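Trainee:
There are 2 protein chains.
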Amino acid sequence: MTQYWCELAWLGGDTATGDVLVEVEGERISAVSTGVPCPEEAVRLTGLTLPGLANAHSHAFHRALRGRTHAGTGSFWTWREQMYAVASRLTPDSYFLLARAVYGEMAMAGITAVGEFHYLHHAPGGVRYSDPNAMGAALVAAATEAGVRMTLLDTCYLHGGIGSAPNQVQLQFSDGSAGAWAERVARLAGSSTGVRVGAAVHSVRAVDPDAMRTVAEWARAHEAPLHAHVSEQPAENQQCLDAYGRTPTAVLAEAGALSDRFTAVHATHLTDADIGTYGQNHCTICMCPSTERDLADGIGPTRRLAESGARLSLGSDSHAVIDLFEEARAVELNERLTSNVRGHHTVPALLAAATRDGHACLGWPDAGALAVGQWADLVSVRLDSVRTAGVDADSALGAAVFAASAADVHHVVAGGRVVVAEGRHVVLDVAGELSRNIAAVMEGA
Amino acid sequence: MTQYWCELAWLGGDTATGDVLVEVEGERISAVSTGVPCPEEAVRLTGLTLPGLANAHSHAFHRALRGRTHAGTGSFWTWREQMYAVASRLTPDSYFLLARAVYGEMAMAGITAVGEFHYLHHAPGGVRYSDPNAMGAALVAAATEAGVRMTLLDTCYLHGGIGSAPNQVQLQFSDGSAGAWAERVARLAGSSTGVRVGAAVHSVRAVDPDAMRTVAEWARAHEAPLHAHVSEQPAENQQCLDAYGRTPTAVLAEAGALSDRFTAVHATHLTDADIGTYGQNHCTICMCPSTERDLADGIGPTRRLAESGARLSLGSDSHAVIDLFEEARAVELNERLTSNVRGHHTVPALLAAATRDGHACLGWPDAGALAVGQWADLVSVRLDSVRTAGVDADSALGAAVFAASAADVHHVVAGGRVVVAEGRHVVLDVAGELSRNIAAVMEGA
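Just so you know, the protein sequences line up as chains A and B, in that order.
Under this note's numbering, the first sequence has 98 at position 81, and the numbering climbs by one with no breaks.
Under this note's numbering, the second sequence has 383 at position 366, and the numbering climbs by one with no breaks.
(1) Spell out the partners DSSP gives Ser75 of chain A in its beta bridges.
(2) Scan the segment 145 to 225 of chain B and note each continuous alpha helix (DSSP H) run of 4 residues or more that stays entirely inside, going in chain order.
(3) At 3 residues or longer, what runs of the beta strand (DSSP E) sit wholly inside the segment 28 to 112 of chain B?
(4) Going straight from the alpha carbon of Pro306 of chain B to that of Ala347 of chain B, what length do you get?
(5) How would you call Asp314 of chain B, buried or exposed, if buried means at least 16 neighbouring beta carbons within 10 angstroms?
(6) For Leu451 of chain A, go through chain B and note every residue whose CB falls closer than 7 Å to its CB, in chain order.
(7) Could you spell out where the beta strand (DSSP E) holding Leu350 of chain A opens and where it closes?
(8) What did DSSP end up calling His299 of chain B once you bin it into helix, strand or coil?
(9) For the alpha helix (DSSP H) that contains Ala413 of chain B, what are its first and last residues?
(10) Is the CB of Thr32 of chain B under 8 Å away from at least one CB in chain A?
(11) DSSP three-state label for Gln255 of chain B, please.
(12) Can you name the residues of chain B whose CB is closer than 9 Å to the CB of Gly64 of chain A?
(13) Helix, strand or coil, according to DSSP, for His427 of chain A in the structure here?
(14) Of all Cβ atoms in chain A, is any one closer than 8 Å to the Cβ of Ala73 of chain B?
(15) In terms of alpha-carbon separation, which member of B:Met304, B:Pro141, B:Glu249 lies closest to Ser220 of chain B?
(16) Go to Leu269 of chain A, then tell me how far its alpha helix (DSSP H) extends in each direction, as first and last residue.
(17) Whose Cβ in chain A lies nearer than 8 Å to the Cβ of Ser397 of chain B?
(18) According to DSSP, simplified to helix, strand and coil, what is Ile128 of chain B?
(19) If we ignore side chains and look at the alpha-carbon of each, how far apart do Thr308 of chain A and Ile128 of chain A end up?
(20) Can you find a CB in chain A that lies within less than 8 Å of the CB of Glu344 of chain B?
(21) What do you get for Gln255 of chain A, buried or exposed, if any count of 16 or more other CB atoms within 10 angstroms of its CB means buried?
(22) Which class does Leu329 of chain A belong to by DSSP, given the choice of helix, strand or coil?
(23) State buried or exposed for Asn298 of chain A, treating a residue as buried only when at least 16 other CB atoms are found within 10 Å of its CB.
(24) With the cut-off set at 8 Å, would you say Arg45 of chain A and Trp392 of chain A are in Cβ contact?
(25) Could you confirm whether any beta carbon from chain A is found closer than 8 Å to the beta carbon of His87 of chain B?
(26) Give me the DSSP bridge partner(s) of Leu395 of chain A.
(27) What does Asp311 of chain B touch in chain A if you count any residue whose Cβ is under 7 Å from its own?
(28) Please state whether the Cβ-Cβ distance between Gly415 of chain B and Gly43 of chain B is less than 8 Å.
(29) Under 8 Å, with one C-beta from each stretch per pair, do the segment 403 to 410 of chain B and the segment 360 to 379 of chain B reach the 3-pair mark?
(30) Provide the residue(s) that pair with Gln20 of chain A in DSSP beta bridges, ordered along the chain.
(31) Could you compute how far the alpha carbon of Glu122 of chain A sits from the alpha carbon of Thr63 of chain A?
(32) Count the other C-beta atoms from every protein chain shown that fall within 10 angstroms of the C-beta of Arg85 of chain B, then say buried if there are 16 or more, exposed otherwise.
(33) Leaving out five residues on either side along the sequence, give the residues of the same chain with a beta carbon under 8 Å from the beta carbon of Thr288 of chain A.
(34) Taking Ala217 of chain B as the reference, which of B:Leu379, B:Thr161, B:Leu70 has the closest Cα?
(35) May I ask you to list the residues that DSSP assigns as paired with Ala245 of chain A?
(36) In terms of residues, what are the limits of the alpha helix (DSSP H) holding Asp314 of chain A?
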């Protein structure tokens, strides 16, 4: 049993609580008590301790593009060409090394679970690896070594666009049919500790309604999370309306995809009916604000979605930055930019998106809270850095959401294991591995 | 003479240059050579070296509110009440201590010059200090001790609104008349090394057109920078239109305020004519994106302003964050959010706003570039942190603007003096001073 004593901790309320003792047995929290002086044998966590953060939408290999594409002109679609060029150069070995470093960066940012929206299944030209799940297995191994729990959202990706065949790069993504996708996924090893398998529909562009139905049925049969990119770009909506006479949300609904296990990623350009649909179905919406502004997607209707009954989660997606505090505050601040009014989402609501609801949408309903029986994920945030210095107990939660950065994450415990201590990953030289492995991948560029 | 050898440096072009030797004599750069191996006696700056960053708009005392107000509801106007409460508790002594820590945080973020938009002139109730410039002198001393050059933008603030008297707190801001403002400013000590005095018109709310004319004449006679808050809020525009039948920009123009020494701060809600006016007069526009999104101001038309011929500079304003990389990228990324297209401002243009054009609008045309005769300001940015790792020489500038944070600033030389070494301020315990001095100020809250 290990004891962690937290100077301040967020137990789910409107403010932080002082002098909190969290006891951990194995990978779970066994007791939480408040108003307790620090026992001698306890690990002392200064600053503010939060539950583990969940990064609900990741494409790990996009990290290689950080700093290289943001200055570009054009749109999402021109950016996609650069991203495809990296995809075509990855192998299971090189992707393992790259992803391990990326998940290491996530751990250092306080992320204890990641949803990897994984569609880079096959070798160039669509050639199958001898283990057809070699890429997914590499990602699972990478997350495990980095100390981050993973939900592998194995993604069905069949078409280059509605009614068109996959291009040369997209052949690496495609299983050929939803049936083949399901067969491959069936061969994924059963879930081990800290690893879950979920499903994803890449988008209405890449998956037709019949195939969607197959994926949704698989997710239902396995009680697994089901994610999909939805309405990130107006062009996608238009193509969908032209082909099916309804919005992407309506197409997904008709295919039986929507439920409380469904997460719509981005959901930027929605109709009123779409918003109502997500609320009625108790879906989660995963916002990725730093990517959405980088790719000029626009600002999604997060307030109206939350009011409709949908839950929100957060993702760093293309990893322009990996900083869930930045994502959380952007949800509120983007609404301010469009409305000229403050106060759309409360601080506890933004923290819930980063923690409890993020974990829940990845199939970890037993994580993201400092409570008995939950996964023992603790993230301490410094309140004595130049960014956070000057706050008091009453303002600590607001400071974490609106002023802290990933650089303020000091100590991270994930599933009972210390992953980051004093701002350093306990196993990996994360920055060095990022440098080496990105250089290796980009060399042929 | 000190030599600094830079692994990579930005010399003003589209990409960084390798192996740059910068020689410094006293407070100026005496030589810059490229393609030079590192001399034994040189200080070696790894990563990317930039010219000093200029923070063109600061209200130092707002730093006390970081983390405490962002979660609020309401608007700019409700936030202002909280800000006034802090203003009413400051004395020259306590403001000196607070500001020194805030400028220390700026130094650690690579800022070598600050424009302090200073209107907190008097004691509670408007009582004059025995030295009527005691507050301004405290700010100058604070910046000097923190190692940051200062332009004290001494601000004229007379009215509580158009046609209304100052309220109780605003009495601390008001000199009673523009003539009294000019008399007080005349008593400010002459400029010493690293300190300049400029003028500011708080806003059309606080300064009537006749008073504006007096301030503009003072600035012209002294060839000094002149700044003003302009069109931050739609309500301000409406009040101005109601009172004067023209926009704030047009009122300022008619008062003779606009020239290439004029900087409009925020300039969020402009007409087409306003934009043209700023271009024709070669004015600078100081954007403060992190504050503008916090206060729900909106997104200013930066692309159209730049196209009109206006220059851009950057400010951290209310210090919700102090990170000019974050401000620089937000100028581009906010345009993406409104247009759904990428590529409005180039990386060199965004860097120029953070460096050369920022310094110029503060009256330092001889700073903000790594070139002979310029102030010896050098800022090294780590390219081996988890945020920046993986970039190469070609992508270094893009990474600095789009991926780096203030936490990546490693070494700062300002006016030939080392101010920050290995990420630490060489004189001040900045985080500790922020904690102590903010607590002292907030105690009576």
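Note that the Cβ used here is the ideal one computed from N, Cα and C, for glycine as well.
The structure presented is a predicted model; accordingly, all values stated were derived computationally and were not measured.
Mentor: Taking the definition as stated:
(1) Paired residues: A:Glu133, A:Asp334.
(2) Within the segment 145 to 225 of chain B, the complete alpha helix (DSSP H) segments of 4 residues or longer fall at 151 to 163, 195 to 203, listed in chain order.
(3) DSSP runs (the beta strand (DSSP E)) wholly in the segment 28 to 112 of chain B: 34 to 42, 45 to 51, 60 to 68, 70 to 75.
(4) Cα to Cα, the separation comes out at about 6 Å.
(5) By the 10 Å Cβ count, Asp314 of chain B comes out buried.
(6) The answer, in chain order, is Val403, Ala406, Gly407.
(7) For Leu350 of chain A, no beta strand (DSSP E) run applies; the uninterrupted alpha helix (DSSP H) run containing it begins and ends at 341 to 356, by DSSP.
(8) In this structure, His299 of chain B counts as coil in the three-state DSSP scheme.
(9) Ala413 of chain B -> alpha helix (DSSP H) spans 413 to 419.
(10) Not flagged as an interface residue toward chain A: Thr32 of chain B, since no C-beta distance is shorter than 8 Å.
(11) Note: Gln255 of chain B maps to helix in three-state DSSP.
(12) In chain order: nothing, as chain B lies at least about 12 Å away.
(13) When DSSP states are grouped into helix, strand and coil, His427 of chain A belongs to the strand group.
(14) Not one chain A Cβ lies under 8 Å of Ala73 of chain B.
(15) Selected option, being the one with the closest Cα: B:Glu249.
(16) Residue range 265 to 271 is occupied by the alpha helix (DSSP H) that includes Leu269 of chain A.
(17) Neighbours of Ser397 of chain B in chain A, taken as residues whose beta carbon is under 8 Å from its own, are absent, since the nearest beta carbon is some 16 Å off.
(18) DSSP, reduced to helix, strand and coil, places Ile128 of chain B within a strand of the structure shown.
(19) Taking the straight line from one Cα to the other gives about 17 Å.
(20) No, Glu344 of chain B does not count as interfacial toward chain A.
(21) By the C-beta density criterion, Gln255 of chain A is exposed, having fewer than 16 other C-beta atoms within 10 angstroms.
(22) Residue state, collapsed to three classes: strand.
(23) Label assigned to Asn298 of chain A: buried.
(24) Yes; because the gap between Cβ atoms is below 8 Å, this pair is in contact.
(25) Chain A contact via Cβ: present.
(26) Bridge partners of Leu395 of chain A: A:Pro68, A:Val430.
(27) Ordered by position in chain A, the residues that pass the 7 Å Cβ test against Asp311 of chain B are Leu350.
(28) With contacts defined as CB atoms closer than 8 Å, Gly415 of chain B and Gly43 of chain B fail to qualify as a contacting pair.
(29) As far as the Cβ criterion goes, the segment 403 to 410 of chain B does not touch the segment 360 to 379 of chain B, which means the pair count is below three.
(30) Per DSSP, A:Glu40.
(31) The straight-line gap from Cα to Cα measures roughly 22 Å.
(32) Burial state of Arg85 of chain B is buried, judged by a 10 Å Cβ sphere holding 16 or more other Cβ atoms.
(33) Excluding residues within five positions, the ones whose Cβ falls inside 8 Å are Thr264, Thr266.
(34) Ranked by how close their Cα comes to the Cα of Ala217 of chain B, the residues B:Leu379, B:Thr161, B:Leu70 have B:Leu379 in first place.
(35) Bridge partners of Ala245 of chain A: A:Val218, A:Ala281.
(36) Element bounds for Asp314 of chain A: n/a, residue is neither H nor E.
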